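One structure is given below, encoded as structure tokens.
See below:
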């Protein structure tokens, strides 16, 4: 499997309640980087960050990373599952 780049697509698109979409590895990384320190300390965000980092090293983890990010977004009610 080829290396992931910022423009590599996630396993599936994630729609946010504010109308934005997270569709690429770069958009996911940017979103996670914008989290507050308090948010980053929460278990679900820690897992989403860890799995995206793992996917960057081993692209086979991209689906798991996308699922973890989706779960974190759902947990904090930031996603809009109707629009994904």
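Numbering (our numbering), first residue to last: 16 to 99.
Glycine residues also receive a C-beta, built at the ideal position from the N, C-alpha and C atoms.
The structure displayed is predicted, hence computed values, not measured ones.
In terms of CA proximity to residue 84, 37 leads the group 37, 56, 22 and 33. In the DSSP annotation of this structure, the continuous segment of the beta strand (DSSP E) that includes residue 29 starts and ends at 24-30. Excluding sequence positions up to five before and after residue 64, its CB lies within less than 6 Å of the CB of 47, all in the same chain and listed in chain order. With a 10 Å radius around the Cβ and a threshold of 16 neighbouring Cβ atoms, residue 87 comes out buried. The shortest C-alpha to C-alpha distance from residue 17 to any of 94, 82 and 75 is the one to 75.
Within a 10 Å sphere around the beta-carbon of residue 70 sit 16 or more other beta-carbons, which makes this residue buried.
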